[in-house]
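Enquirer:
There are 2 protein chains.
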Amino acid sequence: MMKKRWRDLAELYRNALLSDVIPFWQRHSIDTRCGGFYTCLDRDGTVFDTDKFVWLQARQVWLFAMLYNRLEQRDAWLDIARHGARFLRRHGMDSDGNWYFALTSDGRPLVQPCNIFSDCFAAMAFSQYALAVGDDQARQIAERTYRNILARKHNPKGQYSKAVPTTRPTIAMALPMILANLSLELQWLLDARTVNESIEMCLAELFGLFLDPDTSLLHEHVSPDGRRLDCFDGRLINPGHSIEAMWFVMDLASRRNDTATIAKAVDVMLATIEFGWDRQHGGIFYFLDSRHRPPQQLEWDQKLWWVHLESLVALAMAYRLTARRDCWSWYQKIHDYTWQRFPDPDCGEWYGYLDRAGRVLLPLKGGKWKGCFHLPRALYMCMRQFEQLSDPAPD
Amino acid sequence: MMKKRWRDLAELYRNALLSDVIPFWQRHSIDTRCGGFYTCLDRDGTVFDTDKFVWLQARQVWLFAMLYNRLEQRDAWLDIARHGARFLRRHGMDSDGNWYFALTSDGRPLVQPCNIFSDCFAAMAFSQYALAVGDDQARQIAERTYRNILARKHNPKGQYSKAVPTTRPTIAMALPMILANLSLELQWLLDARTVNESIEMCLAELFGLFLDPDTSLLHEHVSPDGRRLDCFDGRLINPGHSIEAMWFVMDLASRRNDTATIAKAVDVMLATIEFGWDRQHGGIFYFLDSRHRPPQQLEWDQKLWWVHLESLVALAMAYRLTARRDCWSWYQKIHDYTWQRFPDPDCGEWYGYLDRAGRVLLPLKGGKWKGCFHLPRALYMCMRQFEQLSDPAPD
Numbered sequence: 001m002m003k004k005r006w007r008d009l010a011e012l013y014r015n016a017l018l019s020d021v022i023p024f025w026q027r028h029s030i031d032t033r034c035g036g037f038y039t040c041l042d043r044d045g046t047v048f049d050t051d052k053f054v055w056l057q058a059r060q061v062w063l064f065a066m067l068y069n070r071l072e073q074r075d076a077w078l079d080i081a082r083h084g085a086r087f088l089r090r091h092g093m094d095s096d097g098n099w100y101f102a103l104t105s106d107g108r109p110l111v112q113p114c115n116i117f118s119d120c121f122a123a124m125a126f127s128q129y130a131l132a133v134g135d136d137q138a139r140q141i142a143e144r145t146y147r148n149i150l151a152r153k154h155n156p157k158g159q160y161s162k163a164v165p166t167t168r169p170t171i172a173m174a175l176p177m178i179l180a181n182l183s184l185e186l187q188w189l190l191d192a193r194t195v196n197e198s199i200e201m202c203l204a205e206l207f208g209l210f211l212d213p214d215t216s217l218l219h220e221h222v223s224p225d226g227r228r229l230d231c232f233d234g235r236l237i238n239p240g241h242s243i244e245a246m247w248f249v250m251d252l253a254s255r256r257n258d259t260a261t262i263a264k265a266v267d268v269m270l271a272t273i274e275f276g277w278d279r280q281h282g283g284i285f286y287f288l289d290s291r292h293r294p295p296q297q298l299e300w301d302q303k304l305w306w307v308h309l310e311s312l313v314a315l316a317m318a319y320r321l322t323a324r325r326d327c328w329s330w331y332q333k334i335h336d337y338t339w340q341r342f343p344d345p346d347c348g349e350w351y352g353y354l355d356r357a358g359r360v361l362l363p364l365k366g367g368k369w370k371g372c373f374h375l376p377r378a379l380y381m382c383m384r385q386f387e388q389l390s391d392p393a394p395d
Numbered sequence: 396m397m398k399k400r401w402r403d404l405a406e407l408y409r410n411a412l413l414s415d416v417i418p419f420w421q422r423h424s425i426d427t428r429c430g431g432f433y434t435c436l437d438r439d440g441t442v443f444d445t446d447k448f449v450w451l452q453a454r455q456v457w458l459f460a461m462l463y464n465r466l467e468q469r470d471a472w473l474d475i476a477r478h479g480a481r482f483l484r485r486h487g488m489d490s491d492g493n494w495y496f497a498l499t500s501d502g503r504p505l506v507q508p509c510n511i512f513s514d515c516f517a518a519m520a521f522s523q524y525a526l527a528v529g530d531d532q533a534r535q536i537a538e539r540t541y542r543n544i545l546a547r548k549h550n551p552k553g554q555y556s557k558a559v560p561t562t563r564p565t566i567a568m569a570l571p572m573i574l575a576n577l578s579l580e581l582q583w584l585l586d587a588r589t590v591n592e593s594i595e596m597c598l599a600e601l602f603g604l605f606l607d608p609d610t611s612l613l614h615e616h617v618s619p620d621g622r623r624l625d626c627f628d629g630r631l632i633n634p635g636h637s638i639e640a641m642w643f644v645m646d647l648a649s650r651r652n653d654t655a656t657i658a659k660a661v662d663v664m665l666a667t668i669e670f671g672w673d674r675q676h677g678g679i680f681y682f683l684d685s686r687h688r689p690p691q692q693l694e695w696d697q698k699l700w701w702v703h704l705e706s707l708v709a710l711a712m713a714y715r716l717t718a719r720r721d722c723w724s725w726y727q728k729i730h731d732y733t734w735q736r737f738p739d740p741d742c743g744e745w746y747g748y749l750d751r752a753g754r755v756l757l758p759l760k761g762g763k764w765k766g767c768f769h770l771p772r773a774l775y776m777c778m779r780q781f782e783q784l785s786d787p788a789p790d
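Same order as they appear, the protein sequences are chains W and G. Under this note's numbering, read the first sequence as residues 1 to 395, first letter to last. Under this note's numbering, read the second sequence as residues 396 to 790, first letter to last.
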């Protein structure tokens, strides 16, 4: 990477966010007929599938409300958040207030509330939206959904869980992570004790149960008492998810001036990048087996947009908080890899899925799992990190 | 491909089956301590995971019993079938006779009976095994499982189904296919009427509902009245599955001397190969979208062993039954692709998963989905096709 001044980097991210990515979603994703958003957008923004996945609907509401709350109070952004919130409020929940997984374009339920992450993103969406508009009904939806998640958290899949519960009890890292994130997001409407307990629980579980102290790697699944499990799920390392988790931790630790936790999160993040980096083709693998056995996921060697963007956020934040030179040199390496391959200069927005060699695997800009979320959030977060830096960059 | 005599081709397949593949599984897969089979075998046969997936346990029982019944009555083969059948009988079912999806190495249930294909392969396994040993208890297990499948077939996922049933009713091609196959397998213990009805139902559904007459492609999912569905599942084409289905159809039609149905199956099979062939790198894609939109499956462009082996069976059988030159020229093209890339000359057996360019993606010989089934079955089937040919091969 050319030696950049912090201001240039902040400007790079701001431009990508405001002149490319956000306009792309404004132009192509709004369903003016039925409400809500199209997320299955082909390379040029053409809608190639009209189903509506509640995760992605909620994430887009969150994103536009967040930009309104934190970056600039643009009416156009608030209108988009309102447009999505209205659709979700009308169609997103079953009669018990559980959030469906997928809807038809006109809002009829397609897939049952089988996935608690629909609820998590809905709570985040309505919380940000309520903050933006001061809407008490939205605030109530956020709070009610949050309580419902707490009530379901010990059996998040409910009747859809296929595991025989007693044979090999397993807990997943995703749950404490999302709860900590949620509690921070909903901090303004929760009491301080709930928020603090949730954060303490997250840190204790992450570093006490999911972290392997020998390798400094986080496992996606362990036994409830933190033992490694020698099975596909137990050996699974998801580098992008670990790295994202570590910037959540840095973020919340920095609010408490907890430098020990920041240092620990940076160590784990760097160990994960070292482990996950593809020495042959560059980029970070999607899935790996902690013992170097064949992973179960056939897409293990692909290079995904969000993995690289979360790494850039984590490294920029780690450098801002610690000024560690290894963070800065990894930042530059992944910056170059990412900015050379993912942005689409012809049609705008970024590719999501590259093959191992870094070539485009799917030309889509949005699909069943890629929406208006990781890319604009990371662009925003990186911009903010570089805005806050002032010392000269190291060589 | 060098111009081969039929006898040479039959010999090639026989050698691969009897001198390479079957000995590999005999050597590495038998769990002499707990019973049953290890299926997660690394490149050289080392066991890398000990969980036992009921599908693969049952398929291996079926395969060894089938070889015993149809190829040669070797005691060693029958012992292996018995070894697996004993483990399955002891550990494979819940108290209602539904088959679990996965077990620990010592047979404790890990994953509930959420997948009716566990039951299908168990029925096939116990039927072949009962035929081999004249064991009435095994015959009863096969028959009871078959009746159970019929009872569950209108709601095969039961409580684990996540679809809201009324919004977009959908039927899957997998079910009629497996039922026709099962009915043929269990023919010796079922009454003729049951078998015939099942086969008629399969043909009527396949060609009346799942086939798109405009493209001659089979869709994996359609509405119950055969309408195309414009959604990810509805647009999904699984070339390997369609091609496998077509040799099942050719096989059962040839037993009835139904040349019209054979011709139809050959047309669909060739249309599928034309559609699924990767003109850039060779090989047949794993998943495609019927409207050339981005498929949901990230592994869509990979080249899988079973897809190519089922194609060789289908093309060899089609050529034997029809002498169509286009079947023979496709056979040669896919023969060369397959035999050059999948066999592992150093460690034996065949790779399962290649990337788009045909390079090894995972070095394993067995895993959660690859066991002792598609490869030896296809080697056996191809051998049999070429043994039955006598006219000289076309240029």
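Virtual Cβ for every residue (Gly too), placed ideally from N, Cα, C. Remember, it's a predicted structure, so these values are computed and weren't measured experimentally.
Which first and last residues belong to the beta strand (DSSP E) in which V360 of chain W is found?
Expert: Stepping through the first sequence from its first residue, residue 360 of chain W is reached at position 360. Looking at the DSSP string, the run of the beta strand (DSSP E) that includes V360 of chain W is 360 to 362.
Enquirer: Taking its Cβ as the centre, do 16 or more other Cβ atoms sit within 10 Å of K548 of chain G, making it buried, or is it exposed?
Expert: Within the second sequence, the letter at position 153 stands for residue 548 of chain G. With fewer than 16 other Cβ atoms within 10 Å, it is exposed.
Enquirer: Judging by CA-CA distance, which residue of W:V61, W:R89, W:H91, W:D233 is the nearest neighbour of W77 of chain W?
Expert: On the first sequence, residue 77 of chain W is found 77 positions in, with the first residue counted as 1. Nearest C-alpha to W77 of chain W: W:V61.
Enquirer: Are the C-beta of Y100 of chain W and some C-beta of chain G separated by less than 9 angstroms?
Expert: Working through the first sequence from its first residue, we reach residue 100 of chain W at position 100. Judged by the 9 angstroms Cβ criterion, Y100 of chain W is in contact with chain G.
Enquirer: Are the C-beta of C777 of chain G and some C-beta of chain W separated by less than 9 angstroms?
Expert: Locating residue 777 of chain G in the second sequence gives position 382, where the first residue counts as 1. Chain W contact via Cβ: absent.
Enquirer: Would a check of beta-carbon distances place T445 of chain G closer than 9 angstroms to chain W?
Expert: As a first step, residue 445 of chain G is located in the second sequence; it is residue number 50 there, counting from the start. Judged by the 9 angstroms Cβ criterion, T445 of chain G is in contact with chain W.
Enquirer: Measuring CB to CB, does I22 of chain W end up less than 9 angstroms from L67 of chain W?
Expert: For the purposes of this step, residue 22 of chain W is taken as residue 22 along the first sequence, with counting starting at 1. For the purposes of this step, residue 67 of chain W is taken as residue 67 along the first sequence, with counting starting at 1. Closer than 9 angstroms, so yes.
Enquirer: State the CB to CB distance for the pair R203 of chain W and S254 of chain W, rounded to an integer number of angstroms; the pair is presumed to be in contact (CB under 8 angstroms).
Expert: Taking the first residue of the first sequence as position 1, residue 203 of chain W is located at position 203. Taking the first residue of the first sequence as position 1, residue 254 of chain W is located at position 254. First, the residue type needs correcting, since residue 203 of chain W is Leu and not Arg in the sequence shown. About 13 angstroms separates the two Cβ atoms, so there is no contact after all.
Enquirer: If we define contact as Cβ-Cβ less than 9 angstroms, is R688 of chain G a contact residue for chain W?
Expert: Numbered from 1 along the second sequence, position 293 holds the residue referred to as residue 688 of chain G. At least one chain W Cβ lies under 9 angstroms of R688 of chain G.
Enquirer: At a Cβ cut of 8 angstroms, what residues of the region 519 to 535 of chain G count as close to chain W, listed as they run along the chain?
Expert: Of all residues in the region 519 to 535 of chain G, none has a Cβ within less than 8 angstroms of some Cβ in chain W.
Enquirer: So K763 of chain G contacts chain W; which residues on that side make the cut at Cβ distance below 8 angstroms?
Expert: Here residue 763 of chain G corresponds to residue number 368 of the second sequence, with the count starting at 1. By Cβ distance, chain W contributes F232, Q296.
Enquirer: Once the 5 residues before and after C34 of chain W are set aside, which same chain residues still bring their CB inside 7 angstroms of it?
Expert: Indexing the first sequence from 1 puts residue 34 of chain W at position 34. Once the five neighbours on either side are set aside, the close Cβ partners of C34 of chain W are S105, D106, G107.
Enquirer: Where DSSP assigns a beta bridge to F448 of chain G, which residues make up the other side?
Expert: Along the second sequence, read from residue 1 onward, the residue named residue 448 of chain G stands at position 53. F448 of chain G is bridged to G:A497.
Enquirer: Does the beta-carbon distance from D530 of chain G to K760 of chain G come in below 9 angstroms?
Expert: Indexing the second sequence from 1 puts residue 530 of chain G at position 135. Indexing the second sequence from 1 puts residue 760 of chain G at position 365. For D530 of chain G and K760 of chain G, no; Cβs fall outside 9 angstroms.
Enquirer: Short of 7 angstroms Cβ to Cβ, which residues in the region 70 to 83 of chain W face chain G?
Expert: Result list empty, no residue passes.
Enquirer: Once DSSP output is grouped into helix, strand and coil, what is the label at C327 of chain W?
Expert: By one-based count along the first sequence, residue 327 of chain W stands at place 327. Three-state result, C327 of chain W: helix.
Enquirer: Among residues of its own chain, excluding the 5 on either side of V442 of chain G, which ones have a beta-carbon nearer than 8 angstroms to its beta-carbon?
Expert: Working through the second sequence from its first residue, we reach residue 442 of chain G at position 47. H423, Y433, C435, L436.
Enquirer: By how many angstroms is the C-alpha of D75 of chain W removed from the C-alpha of A323 of chain W?
Expert: Along the first sequence, one-based indexing puts residue 323 of chain W at 323. Along the first sequence, one-based indexing puts residue 75 of chain W at 75. Using only the alpha carbons, I get a separation of about 38 angstroms.
Enquirer: Let's test the definition: count the other Cβ atoms within 10 Å of the Cβ of P374 of chain W and tell me whether it reaches 16, buried, or not, exposed.
Expert: Position 374 of the first sequence, counted from the first residue, corresponds to residue 374 of chain W. Sequence check: residue 374 of chain W is His here, not Pro. Buried: at least 16 other Cβ atoms inside 10 Å.
Enquirer: Looking at the secondary structure, which residues open and close the alpha helix (DSSP H) in which P634 of chain G lies?
Expert: The sequence position of residue 634 of chain G within the second sequence is 239, counting from 1. P634 of chain G -> alpha helix (DSSP H) spans 634 to 650.
Enquirer: Cα separation between Y331 of chain W and R14 of chain W?
Expert: Residue numbering aside, residue 331 of chain W sits at position 331 when the first sequence is read from its first letter. Residue numbering aside, residue 14 of chain W sits at position 14 when the first sequence is read from its first letter. Distance between the alpha carbons of Y331 of chain W and R14 of chain W is about 18 angstroms.
Enquirer: Answer with buried or exposed for K552 of chain G, where buried requires no fewer than 16 other C-beta atoms within 10 angstroms of its C-beta.
Expert: Residue mapping note: residue 552 of chain G aligns to position 157 of the second sequence, counting from 1. Label assigned to K552 of chain G: exposed.
Enquirer: Which one or two residues does DSSP pair with V47 of chain W in a beta bridge?
Expert: One-based indexing of the first sequence puts residue 47 of chain W at position 47. Partner(s): W:L41.
Enquirer: Does the Cβ of G352 of chain W have 16 or more other Cβ atoms within 10 Å, making it buried, or fewer, making it exposed?
Expert: Along the first sequence, read from residue 1 onward, the residue named residue 352 of chain W stands at position 352. Result: buried.
Enquirer: Quick check on the burial criterion: 16 or more other C-beta atoms within 10 angstroms. Buried or exposed for G743 of chain G?
Expert: Taking the second sequence and counting its residues from 1, the one referred to as residue 743 of chain G is at position 348. Label assigned to G743 of chain G: buried.
Enquirer: 9 angstroms is my cut-off, CB to CB: does P619 of chain G come that close to chain W?
Expert: Position 224 of the second sequence, counted from the start, is the residue given in the question as residue 619 of chain G. By this cut-off, P619 of chain G is not an interface position.
Enquirer: Okay, do the region 199 to 219 of chain W and the region 170 to 179 of chain W touch, 3+ Cβ pairs below 8 angstroms being the bar?
Expert: Touching, yes, given that three or more Cβ pairs across the two stretches are closer than 8 angstroms.
Enquirer: With a threshold of 9 angstroms between beta-carbons, can T434 of chain G be considered close to chain W, or not?
Expert: Counting from one through the second sequence, the residue named residue 434 of chain G turns up at place 39. So, not an interface residue.
Enquirer: In this structure, what does DSSP give as the bridge partners for A163 of chain W?
Expert: Residue numbering aside, residue 163 of chain W sits at position 163 when the first sequence is read from its first letter. DSSP output for A163 of chain W lists G:V506 as bridge partner(s).
Enquirer: When you compare each of W:L131, W:P169, W:L211, W:F207 to S223 of chain W by their alpha carbons, which one comes out closest?
Expert: Taking the first residue of the first sequence as position 1, residue 223 of chain W is located at position 223. The residue with the shortest Cα to Cα distance from S223 of chain W is W:P169.
Enquirer: Give me the chain W residues within the contact set of P564 of chain G, using Cβ-Cβ distance strictly less than 7 angstroms, ordered along the chain.
Expert: What you label residue 564 of chain G is simply residue 169 of the second sequence in a count that begins at 1. Under the 7 angstroms cutoff, chain W gives no residues; its nearest Cβ is about 11 angstroms from P564 of chain G.
Enquirer: Which residues of chain G have a Cβ atom closer than 7 angstroms to the Cβ of C114 of chain W, listed in chain order?
Expert: As a working mapping, residue 114 of chain W is identified with position 114 in the first sequence. Neighbours of C114 of chain W on chain G, chain order: K557.
Enquirer: F126 of chain W and A142 of chain W: beta carbons closer than 9 angstroms?
Expert: Along the first sequence, read from residue 1 onward, the residue named residue 126 of chain W stands at position 126. Along the first sequence, read from residue 1 onward, the residue named residue 142 of chain W stands at position 142. Taking 9 angstroms as the Cβ cut-off, F126 of chain W and A142 of chain W qualify as a contacting pair.
Enquirer: Contact criterion: CB-CB distance below 9 angstroms. Does W695 of chain G meet it with respect to chain W?
Expert: Sequence index remark: in the second sequence, residue 695 of chain G carries index 300 (1-based). Answer yes: the Cβ-Cβ gap between W695 of chain G and chain W drops below 9 angstroms somewhere.
Enquirer: Report, in whole angstroms, the separation of the C-beta atoms of H859 of chain G and G603 of chain G, which I expect to be a contact under 8 angstroms.
Expert: The structure shown does not extend to residue 859 of chain G, since chain G spans only 396 to 790, so no value can be given for it.
Enquirer: Please decide whether L375 of chain W counts as near chain G, where near means a Cβ-Cβ distance under 9 angstroms.
Expert: Position 375 of the first sequence, counted from the first residue, corresponds to residue 375 of chain W. Not an interface residue.
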